[in-house]
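Take a look at the structure set out below.
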DNA sequence: AAAATAATTAGGTATTGACCTAACTATTGG
DNA sequence: CCAATAGTTAGGTCAATACCTAATTATTTT
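Residue numbers (our numbering), protein chains in the order written: chain V, 1015 to 1128; chain H, 1015 to 1128.
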């Protein structure tokens, strides 16, 4: 009943880190090179590259290298998948609340009727 | 410029695990006790409790104990926060694409004009 | 060709995460 | 009261994560 694809794991995991979310925020504004992306962070380059790798594995970032420069771009699909999952849960939740509302309303009507 | 609240960390982290997402999916349909929630998983109770704890720390689940039974309920706020963050990134992304579209269009017009 | 730049690889440490078993503490039903 | 039930605590293992430094490769710039 519940779609539980491993891709969601990787996407959520990638987004669970503030550095990686900041990278996504940067790339949402447009492509950037590794060095540009890394600049704001007080972190050694290899550490940053590891974060990038997690983002790539999660499918959130695609990269390509030209000369000695690697350029990164955001891939929106995993964000959409995550959003879809969230929406599904919120739909269930609100649906249930609506049912509760209806129940309470009918109880109230019964009350008034006597 | 980028809101980077720690709460998002905890929420994303909580959702990065399939067991925990399944718990959220279950609770979206309505409250349940710890044992009920744990039943589907092939996992020792203490392990499951640890997952629950992560969900509580992420603010996704609230629990209360009556007698020997602990009942769990979903808290939708963190889901909303996560959804909001996602929407913000997707908005930036599509906005940028739109700008690109306009740019390409104007280039095309220039072309036609000569 | 030498020096600077961009990224990568190798390898190490310390913390956290995901599981387990075993033993324990309520609470509740018979 | 006693046994079953629901959950908890303590403590241990093993793998993964998040960082680091140092050394290396490949490409540009001067």
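Cβ coordinates follow ideal geometry from the N, Cα and C atoms, glycine included. Bear in mind that the values here come from a model prediction, so they are computed numbers and not experimental data.
Interface residues of chain H around residue 1026 of chain V at Cβ under 7 Å? 1026, 1029 and 1030
Within-8 Å CB hit, residue 1091 of chain H to chain V: no
If we cut at 8 Å on Cβ distances, does residue 1039 of chain H have a partner in chain V? yes
Starting from residue 1064 of chain H, find everything on chain V with Cβ-Cβ shorter than 8 Å and list it in chain order. Near residue 1064 of chain H there are no residues of chain V at all, since even the closest Cβ is about 17 Å away, more than 8 Å.
Can you tell me whether residue 1042 of chain H is buried or exposed? The criterion is at least 16 other CB atoms within 10 Å of its CB, across all chains shown. buried
Which residues of the region 1048–1064 of chain V have a Cβ closer than 9 Å to any Cβ of chain H? Give them in chain order. none
Span of the alpha helix (DSSP H), counted from its first residue to its last, around residue 1066 of chain H: 1059–1071
Roughly how many angstroms separate the alpha carbons of residue 1098 of chain V and residue 1098 of chain H, rounded to a whole number? Roughly 13 Å between the two C-alpha positions.
Sort out for me which residues DSSP pairs residue 1096 of chain V with in a bridge. Partner(s): none; residue 1096 of chain V has no beta bridge.
What distance in whole Å lies between the Cβ atoms of residue 1073 of chain V and residue 1084 of chain V, which are believed to be in contact at a cut-off of 8 Å? Rounded, the Cβ-Cβ distance is 17 Å, inconsistent with contact.
Where do the ends of the beta strand (DSSP E) carrying residue 1030 of chain V lie? Neither: residue 1030 of chain V is in no beta strand (DSSP E) and is coded neither H nor E.
Please tell me whether residue 1042 of chain H has its Cβ less than 8 Å away from any Cβ of chain V. yes
Using the DSSP secondary-structure output, state which residues sit across from residue 1047 of chain V in a beta bridge. V:1085
Using a Cβ-Cβ cut-off of 8 Å, state whether residue 1084 of chain V counts as contacting chain H. Judged by the 8 Å Cβ criterion, residue 1084 of chain V is not in contact with chain H.
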